[in-house]
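Engineer: Position in the sequence shown counted from 1, then plus 277, gives you this note's numbering. Handing you this structure, nothing more for now.
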Amino acid sequence: MATKKMILDLDTGIDDAMAIAYAVGAPDVDLIGIIGSYGNVLVEQGGKNALKILELLGATDVPVYLGNGHSSTTDHFDVMPISAQIHGKNGIGEVELPEAKRQLETTSGVDFLMDAAKQYGKDLILVPTGPMTNLAEALEKAPEIADEIGNVTFMGGALTVEGNVTPYTEANINQDPEATNAVLTSPLKSTMVGLDVTMRTLLTRKETQQWRDLNTKAGTAFADIVDYYIDAYEVTNGQLPGCALHDPLAVGVSLDPSFITTLNLNMKVTTDEGTRGRTIGDQARLNDPETNVTVGINVDADRYLKTFMSYLTGLFAKH
């Protein structure tokens, strides 16, 4: 049993599946639960995908809870066509995995997060890799958890590069800018792993072939799933020689912050129509003596990829 405990809050698409594998394979943390969100897929599909991935990896002791199914300002959510193109309609590259034996938990994801913050305190690591809706609700219901959670490292945003939905906006932030703004302007300290660093951290067919060569269920399934992702990148981001490791990089940074070079900043998210969803420094807090967001601006991609492959290949070899 590791001292550090991790909760993933994700909308299980392909890079989310790799994030789950990284968390399961990492030797220095216990994955104690997953909160499902919306984004790459509908929330129920994402939760079921997470259970299937956990079962594939032999991690059937990890519970999956459902969070919110739509943003804090809407009552409905539809998957964007580009998300279905990149992740497949089922979220995992159209690969059919067996239904998990474990069922989704009946407790809400937000309640699970608040309870875990009380139980584990500074030993708790929360990694949101989808919209911030669940975390924002938890902070609204229990503001004290801002000081209790030891480590919040989220995948989202873009500070020094363009967004991937609009020139200003990254996809996760685009889903619920108001929720992200509430989180970033709260007392909670967090680390932003945005497109600035994730687009520099790439996986190619050279690596997925190593998984395929293992001749295991997990290795073959993940090779099939991620090759779909690489194919999608060739269409949508043809200038890149692979697919970006968005969500698993956030998990990696939460455990080893030295993977990235950072800038300390007080941030906000704009909600005006023209630049809606932009993650940027908050001018109103520019001269505050303390900052609450650590922003990744560069990454040791080679060292991260070596660790990523060590954890995932070692895990897939057993399953």
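Ideal Cβ placement from N, Cα and C applies to all residues, glycine included. Owing to the predicted nature of the structure, the values given are computational and were not obtained by experimental measurement.
Contact between the segment 415-429 and the segment 365-377 is defined here as three or more beta-carbon pairs at a separation below 8 Å; is this criterion met?
Structural biologist: No, the segment 415-429 does not touch the segment 365-377.
Engineer: Select from 411, 437, 458 and 491 the residue whose C-alpha is nearest the C-alpha of residue 590.
Structural biologist: Per the Cα distances, 491.
Engineer: Would you check if the distance between the CB atom of residue 593 and the CB atom of residue 495 is smaller than 8 Å?
Structural biologist: Against a cut-off of 8 Å, the Cβ pair of residue 495 and residue 593 comes out as a contact.
Engineer: I'd like to check one pair, residue 301 with residue 334: are the Cβ atoms closer than 8 Å?
Structural biologist: Yes, they are a contact pair.
Engineer: If we count the other Cβ atoms within 10 Å of its Cβ and call it buried at 16 or more, is residue 580 buried or exposed?
Structural biologist: Classification of residue 580: exposed, given that the 10 Å Cβ count is below 16.
Engineer: Could you check whether residue 429 and residue 461 sit closer than 8 Å to each other, using their CB atoms as the reference points?
Structural biologist: No, the Cβ-Cβ distance between residue 461 and residue 429 is not below 8 Å.
Engineer: Is the separation between the beta-carbon of residue 434 and that of residue 422 shorter than 8 Å?
Structural biologist: Contact: no.
Engineer: With a threshold of 16 other CB atoms inside 10 Å of the CB of residue 326, please say whether the residue is buried or exposed.
Structural biologist: Looking at its Cβ environment, which holds 16 or more other Cβ atoms inside 10 Å, residue 326 is buried.
Engineer: With DSSP run on the structure shown, which of helix, strand or coil describes residue 574?
Structural biologist: In this structure, residue 574 counts as strand in the three-state DSSP scheme.
Engineer: Residue 283 lies in the alpha helix (DSSP H); which residues open and close that run?
Structural biologist: From DSSP, residue 283 is part of no alpha helix (DSSP H) but of the beta strand (DSSP E) over 282-287.
Engineer: From the DSSP output, read off the bridge partner residues of residue 342.
Structural biologist: Beta-bridge pairing links residue 342 to 312.
Engineer: Can you tell me whether residue 321 is buried or exposed? The criterion is at least 16 other CB atoms within 10 Å of its CB, across all chains shown.
Structural biologist: With fewer than 16 other Cβ atoms within 10 Å, it is exposed.
Engineer: Comparing alpha-carbon positions, which option in 358, 456, 389 and 405 lies nearest residue 350?
Structural biologist: For the residues 358, 456, 389 and 405, the minimum Cα distance to residue 350 belongs to 456.
Engineer: Going by beta carbon distance, what residues of the same chain come within less than 7 Å of residue 539, once the five residues before and after it are set aside?
Structural biologist: Excluding positions up to five away in sequence, the list reads 571, 572, 573 and 574.
Engineer: Where do the N-terminal and C-terminal ends of the beta strand (DSSP E) with residue 468 fall, by residue?
Structural biologist: Start and end: 467-470.
Engineer: So, under 8 Å CB-CB, residue 504 and residue 475 are touching, yes? Tell me the CB distance rounded to an integer number of Å.
Structural biologist: Contact flag wrong, Cβ pair sits at about 19 Å.
Engineer: Cβ atoms of residue 438 and residue 401: under 8 Å apart, would you say?
Structural biologist: Contact flag unset, no.
Engineer: What are the start and end residues of each continuous alpha helix (DSSP H) run of 4 or more residues lying completely inside the segment 427-467, in chain order?
Structural biologist: List check, alpha helix (DSSP H) in window: 448-452 and 454-461.
Engineer: Checking 8 Å against the spacing of the C-beta atoms, do residue 468 and residue 530 come in under that value?
Structural biologist: Cβ atoms of residue 468 and residue 530: closer than 8 Å.
Engineer: In whole angstroms, what separates the C-alpha of residue 522 from that of residue 298?
Structural biologist: Roughly 12 Å separates the two Cα atoms.
Engineer: Name the one or two DSSP bridge partners that residue 405 has.
Structural biologist: 286.
Engineer: Could you pull the start and end residues of the alpha helix (DSSP H) that residue 395 belongs to?
Structural biologist: Segment 386-397, the alpha helix (DSSP H) holding residue 395.
Engineer: Note down, one range per segment and in chain order, each beta strand (DSSP E) of at least 3 residues found wholly within the segment 322-380.
Structural biologist: For the segment 322-380, whole beta strand (DSSP E) runs of length 3 or above, ordered along the chain, are 341-343.
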